[in-house]
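The block underneath contains the structure these notes are about, expressed in structure tokens.
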Amino acid sequence: MRISLRVNGEAHEADVWEGESLLYVLRERLGYPGSKNACEQGECGSCSVMLDGDLVCACLVLAAQADGHDLVTVEGLAEDGRLHRVQEAFVAAGAVQCGFCTPGLVVAAADLLQRTADPSDDEIREALSGNLCRCTGYAKIFDAVRMAAQ
Ligand code: FES
Ligand code: FES
14 MRISLRVNGE AHEADVWEGE SLLYVLRERL GYPGSKNACE QGECGSCSVM LDGDLVCACL
74 VLAAQADGHD LVTVEGLAED GRLHRVQEAF VAAGAVQCGF CTPGLVVAAA DLLQRTADPS
134 DDEIREALSG NLCRCTGYAK IFDAVRMAAQ
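Laid out in structure tokens, this is it:
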């Protein structure tokens, strides 16, 4: 089937198999490899994207379900060649190690700060609870989100 969707403000069309995930189509058909495939089961959050303004795991959404919808991926967060403040804060705080979880955490944190300008630690914890990191121990990630909020 053929689907049409907008990714980071750009219109795309793609021929997809009915069972293909949105994550697969973003990465393999449309050239947006920023969202990572770590579990493909909705457990790790590495594939987090915004679908019509809602945070979703792209591995759990069928590409067909995104037909006619708007997506923002981690590639779409920077503006005018400048990193998003969450991306800058992750770099400044040293919140990146292997980096595999980072795109999903950045998208989830940007979503949080859009909804809640000055989140409490519990709000940060809840917002990032769907994003697993195998490397950092999370302390630097929390520092980065607090830094971005300031
Ligand atoms: S790859 Fe989608 S949640 Fe892990
Ligand atoms: S930095 Fe390696 S999984 Fe998070």
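When we follow the working numbering, the leftmost residue of the sequence shown carries the number 14, and every step to the right adds one. Note that beta-carbon positions come from the ideal geometry of N, C-alpha and C, so glycine has one too. Note that the structure is a prediction, hence the values are computed from the model and not measured.
query: To which residues does DSSP link residue 25 through a beta bridge?; result: 18
query: Here's the rule I'm using: 16 or more other beta-carbon atoms within 10 Å means buried, otherwise exposed. How should residue 63 be labelled?; result: buried
query: Candidates 78, 79, 136 and 60: which alpha carbon is nearest residue 72's?; result: 60
query: What is the DSSP secondary structure of residue 67, reduced to helix, strand or coil?; result: strand
query: Unbroken alpha helix (DSSP H) runs of length 4 or more, entirely within the region 47-134: which are they?; result: 98-106 and 115-128
query: Is there at least one non-hydrogen atom of ligand 2 closer than 7 Å to the beta-carbon of residue 78?; result: no
query: Beta-carbon distances below 7 Å to any heavy atom of ligand 2 define the shell here; list its residues in chain order, please.; result: 109, 110, 111, 112, 113, 114, 115, 146, 147, 148 and 149
query: What does a CB cutoff of less than 7 Å around residue 88 pick up in its chain, not counting 5 residues either side in sequence?; result: 21, 45 and 47
query: Taking 8 Å as the limit between beta carbons, can you name the residues of its chain near residue 130, skipping five residues before and five after?; result: 162
query: May I ask whether a heavy atom of ligand 1 can be found less than 7 Å away from the beta carbon of residue 64?; result: no
query: Given 8 Å as the limit, is there contact between the region 104-113 and the region 81-95, that is, 3 or more CB pairs closer than that?; result: no
query: Is the region 36-44 touching the region 98-106 in the sense that three or more CB pairs, one from each, lie closer than 8 Å?; result: no
query: Could you give the residue range of the alpha helix (DSSP H) that holds residue 38?; result: Unbroken run through residue 38: none, as it is neither H nor E.
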